[in-house]
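Here is the structure we will look at.
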Amino acid sequence: MVKKQFPIGIQNLAELRQGNYYYVDKTAKIIELINTSKYIFLSRPRRFGKSLTLDTIAEVFAGNKALFTGLYAEHHWQWEQSYPVIRISFDGGIEGYDDLSLALSDVLTALEEKWYITNSLKTISGRFQALIQHCHQTTGQKVVILIDEYDKPILDSLHNSEKSIIVRNQLRDFYSVIKGQDAHIQFAMLTGVSKFSKINLFSGLNNLYDVTLDERFSALCGYTQSELENVFAVELDKVDLEELKKWYNGYNWTGEAVYNPFDVLLFLSNPQKLYKNYWVETGNATFLMDKLLNENIHIHQLIGRLIDSQNLSQFEISDISIIALLFQTGYLTIDKMLLKPSVRYTLKFPNIEVQQSLSESLLLKYIAHAKDDMLLKQSELYEAIVQHNLDGIESIIQAFFSSIPHNWHRNNPIANYEGYWASVFYALFASLGFQTITEDATSLGNIDMTLIVGDHVYIFEFKVVNGKNDQPQGTALAQIQQKHYADKYKTPSRIIHQIGIEFHRETHAVIFDRGEG
94 MVKKQFPIGI QNLAELRQGN YYYVDKTAKI IELINTSKYI FLSRPRRFGK
144 SLTLDTIAEV FAGNKALFTG LYAEHHWQWE QSYPVIRISF DGGIEGYDDL
194 SLALSDVLTA LEEKWYITNS LKTISGRFQA LIQHCHQTTG QKVVILIDEY
244 DKPILDSLHN SEKSIIVRNQ LRDFYSVIKG QDAHIQFAML TGVSKFSKIN
294 LFSGLNNLYD VTLDERFSAL CGYTQSELEN VFAVELDKVD LEELKKWYNG
344 YNWTGEAVYN PFDVLLFLSN PQKLYKNYWV ETGNATFLMD KLLNENIHIH
394 QLIGRLIDSQ NLSQFEISDI SIIALLFQTG YLTIDKMLLK PSVRYTLKFP
444 NIEVQQSLSE SLLLKYIAHA KDDMLLKQSE LYEAIVQHNL DGIESIIQAF
494 FSSIPHNWHR NNPIANYEGY WASVFYALFA SLGFQTITED ATSLGNIDMT
544 LIVGDHVYIF EFKVVNGKND QPQGTALAQI QQKHYADKYK TPSRIIHQIG
594 IEFHRETHAV IFDRGEG
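Each residue of the sequence shown is one higher than the one before, starting from 94 at the first, in our numbering.
This is the structure:
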């Protein structure tokens with residue numbers, strides 16, 4: 094097999110097929126998708142191939158058979174018939190009503206010039222309606238409408254709820270045109286990262302079929318394991334496939350799990366094959382981080398929690414669900430689906446990249462004043478853990494927390510709560526990429542945090558104590574031992590470490606108590 098170029102950032106099917114690029118054939122799923130419903134909605138995280146999917150659909154409907162030679166669609170589509178395609182993308186910075194109006198006007202102007210339309214209509218909605226009707230009437234074929242990043246104007250202005258609502262209302266007026274032009278439309282599809290309520294954004298599109306959690310299309314975007322190994326086989330020499338899977342696979346929308354395609358392409362194109370946070374580094378999670386902290390939401394408490402489908406799939410500008418936001422942006426993914434008594438899901442981090450980067454970002458927010466010291470201690474802590482050096486682990490954590498100024502404790506009453514320190518410790522260990530479990534259920538209670546590294550299991554219990562009779566020193570380790578938490582993990586091959594960590598409310602000292610399982 095001859096090596097090809099990596100299609101990093103290429104969203105155009107013609108360029109991919111006509112150039113010397115690797116290409117993963119998704120046309121079987123695309124043909125199935127087209128035949129599923131007249132109106133389709135798909136939500137996927139950024140850089141997951143939504144734009145390429147829409148471009149492929151556009152080429153199918155445009156009848157460009159030559160681009161599909163050797164692909165599934167070549168022999169599974171009626172190429173004799175072609176349709177006019179209207180493409181609209183909001184993949185650009187748009188903030189506020191005026192910017193959106195200008196963007197919509199520019200898009201419509203370009204389409205009107207393409208279709209030789211001259212009219213005196215002034216409103217955006219009126220021009221969009223006239224465009225649809227003109228394309229149908231002049232070609233004799235119904236129109237295909239493809240809208241990419243439909244929600245980006247709203248997401249770009251989420252930091253200002255008043256502005257977001259103005260943008261949303263204008264988009265609602267624009268999208269409502271589609272419903273009124275049903276007789277002129279062959280197929281329509283909208284893609285984006287988030288899903289807003291039909292009531293507020295898609296009031297005119299009640300027949301919009303959401304395939305986001307349809308197991309048939311879980312692998313529509315992203316690379317499956319077999320696609321990775323078949324298409325990129327020549328690039329996988331000396332690549333540890335299990336490690337690659339841990340880092341970049343794991344995204345699931347109720348069907349087959351997939352790799353983040355952006356990560357795969359960046360990793361394979363890297364001569365050193367370095368495991369890095371390629372995808373995360375291209376985004377801006379400031380809004381997400383601030384929301385988690387401002388609402389005092391601890392990320393570890395969301396892992397494994399039962400979520401109903403409505404809370405997972407949509408949110409409102411005035412009431413943004415952090416769970417829906419984390420899921421839709423790709424920071425959490427589906428772990429399990431329960432069907433009774435109603436459809437519910439549990440969530441998890443998809444892979445090491447997301448767990449590590451999100452945890453590190455949160456840790457920097459939790460301990461903002463100690464950023465430089467934290468980065469140094471992370472490296473030292475990682476080495477101590479993989480070497481199972483308990484004395485080293487204790488001394489590094491002691492040194493890290495001793496760097497926190499006393500003023501910080503006085504100004505942050507949240508530091509008096511065990512949940513806060515559990516979150517800090519979880520973020521610290523999870524940012525190192527280790528298997529970290531919080532609220533780990535046993536028959537006698539929940540372990541605050543379990544860390545699994547090879548055949549070593551670390552069981553942690555956290556307490557905020559004052560040294561008095563109500564919470565004397567040693568309470569944390571005593572709870573681990575009295576409730577026999579270690580029994581859950583006892584096997585002949587495992588080495589279990591029991592660690593009670595206590596934070597003294599008055600002196601701010603970090604106290605370690607250790608026992609063996």
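The beta-carbon is built from N, C-alpha and C at its ideal position, and this holds for glycine as well.
By the Cβ criterion, the segment 160-171 is in contact with the segment 109-123, since at least three pairs of Cβ atoms, one from each stretch, lie closer than 8 Å.
When DSSP reads this structure, Asn539 sits in a beta bridge with Ala534. Linking Glu308 to Tyr316 through their CA atoms gives a straight-line distance of about 15 Å.
Sequence-distant Cβ neighbours of Asn370 in its own chain, meaning closer than 6 Å and more than five residues away, are Glu446 and Ser450. Short of 7 Å from the beta carbon of Phe325, and not among the five residues preceding or following it, lie these beta carbons of its own chain, in chain order: Tyr115 and Leu361. Residues Tyr582, Arg587 and Ile589 of the same chain have their beta carbon placed closer than 6 Å to that of Val550, with the five preceding and five following residues left out of the count. Per the Cβ contact rule, the segment 128-138 is not in contact with the segment 96-105 (fewer than 3 Cβ pairs under 8 Å).
By the criterion of a C-beta distance shorter than 7 Å, Ile415 is surrounded in its chain by Lys384, Leu385, Glu388 and Ile390, once the five residues flanking it on both sides are discounted. Three or more beta-carbon pairs separated by less than 8 Å link the segment 234-253 to the segment 141-152, which places the two stretches in contact. When secondary structure is reduced to three states using DSSP, Thr317 falls in the coil class, being assigned neither helix nor strand.
The beta carbon of Gln222 is closer than 8 Å to those of Val270, Gly273 and Gln274 in its chain, skipping five residues each way along the sequence.
Nearest Cα to Thr231 within the set Pro585, Gly219, Tyr243 and Lys207: Lys207.
For the pair Leu418 and Gly142, the Cα-to-Cα distance works out to about 19 Å. Annotation for Phe280: the continuous beta strand (DSSP E) segment containing it runs Ile278 to Gly285. Counting other Cβ atoms within 10 Å of its Cβ, Lys429 stays below 16 and is therefore classed as exposed. DSSP places Lys384 in the helix class (H, G or I) of the three-state scheme.
Under the three-pair Cβ rule at 8 Å, the segment 516-525 counts as touching the segment 542-558. Ser435 and His227 have their C-alpha atoms spaced approximately 46 Å apart. Take Tyr176, set aside five residues on each side of it, and the residues of its chain with a beta-carbon closer than 6 Å to its own are Phe154, Gln234, Val237 and Gln279, in chain order.
Here Leu405 carries a helix assignment [DSSP, helix/strand/coil].
Non-local beta-carbon contacts of Lys122 in its own chain, meaning distances under 8 Å to residues more than five positions away in sequence, involve Arg309, Phe310, Ala312 and Leu313 in chain order. Boundaries of the beta strand (DSSP E) harbouring Ile594: Ile588 to His597, taken from the DSSP string.
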